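Contents: one structure, followed by commentary.
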Amino acid sequence: MMPSRRLAFGLLAAFGLALGGLSPVAAADGQGLTAEEIAARIAAAPGRPAEDAARDAGRKPAEVLAFLGLASGMTVVDVWAAGGWYTEVLAAAVGPDGKVYAQNIPALLQMRNGVNEQALAARLADGRLTNVARIDTDLDRSELAPGSVDLAITALNFHDVYNARGAEAATAFLVSIHRVLKPGGVLGIIDHTGVPGADNEKLHRIDPALVPPVAEAAGFVVEARSEVLANPADDKSLLVFDPSVRGNTDRFVYRLRKPAE
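Structure below.
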């Protein structure tokens, strides 16, 4: 997340972060894809920008998505997708029978003279990603039906919500995602690791221990935490945009599940 993305949450009041017979989620082929299978799909995706691929080493998308249980044919939402880096990864991973929604609030698209709007529009120009659609509003205000999504992911966003507005707003943010997930659906939260007592708002980090209580309050089961993005070389004392750690911060990944009905 760019430094000024935090400003987007400060503008949420202007745009309104709403508070808030379905079949359980099931992989189209009965099981999730392996990291190797996902990596192969990403590598084979036509037209993927070279600058996107250059970030794979630090973000490890194949390993992250395998941990979350992504499968062919899933319906997925990239929550607060910004310019759509993960959107394009997801489009390749779910395959032509899957569907990916790139969701952004207007403030996030319009910030910094519309940099995210421009990036996302360029990414989707000429119908290049045929299985991707945009949602340019809060999930609660969108036409996405409740219980229609297999998997959601939000990458490097949760800390901004929690740090700027607190646990109640963070819970509301997760409730809006919970609503659109199918019973048994999964939410993946990726974020920069912070330490208790640090000025994590200033550093754009968050203590991982703050996530489970909010997730549970929103109705999720905290199923697992992955250290696939851990980096012991990051002592967590620096701003995530510091050149010495940017792109290689210590990060955590939570897998949250909406209980099956």
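Residue numbering for the sequence shown follows the numbering used here, beginning at -12 and increasing consecutively. Just so it is clear, CB atoms sit at the ideal spot from N, CA and C, and this is done for glycine as well. These numbers come from a predicted model, not from an experiment.
Starting from residue i and walking both ways along the beta strand (DSSP E), at which residues does that stretch end?
i	result
Arg242	238 to 244
Val119	119 to 122
Leu168	168 to 179
Ala89	86 to 90
Arg212	208 to 213
Would you identify the three-state DSSP class for residue i, choosing helix, strand or coil?
i	result
Gln97	helix
Ala247	coil
Asp65	strand
Leu9	Because the pLDDT of Leu9 is 35, which lies under 50, any placement of that residue in the model is unreliable, and the question is left without a value.
Just to confirm, is the Cβ distance from residue i to residue j under 8 angstroms?
i	j	result
Ala94	Leu161	no
Val102	Leu111	no
Val81	Gly60	yes
Arg244	Lys223	no
Thr62	Asp137	yes
Glu104	Leu96	yes
Ser213	Val167	no
Ala227	Leu190	Ala is not the amino acid found at residue 227; the sequence shown has Val there. Yes, the Cβ-Cβ distance between Val227 and Leu190 is below 8 angstroms.
Asn91	Trp72	no
Ala205	Thr141	no
Gly153	Ala247	no
Gly45	Asn235	yes
Ala79	Arg121	no
Ala208	Gly56	A quick correction: the sequence has Val, not Ala, at residue 208. No, the Cβ-Cβ distance between Val208 and Gly56 is not below 8 angstroms.
Leu20	Ala69	no
Val64	Ala151	no
Val215	Lys47	yes
How far does the alpha helix (DSSP H) with residue i in it extend, from its first residue to its last?
i	result
Val76	72 to 81
Pro199	198 to 204
Lys189	187 to 190
Ala30	22 to 31
Gly45	43 to 46
Ala112	No alpha helix (DSSP H) contains Ala112, which DSSP labels as neither H nor E.
Ala40	37 to 40
Any contact of the region 172 to 185 with the region 237 to 245, i.e. 3+ C-beta pairs under 8 angstroms?
yes
Extract the residue ranges of the beta strand (DSSP E) inside the region 129 to 164, only unbroken runs of 3 or more that lie entirely within it.
136 to 142
Count the C-beta pairs between the region 110 to 129 and the region 41 to 54 that are closer than 8 angstroms, then say yes if the count reaches three, no if not.
no
With three or more beta-carbon pairs closer than 8 angstroms as the criterion, would you say the region 144 to 157 touches the region 21 to 28?
no
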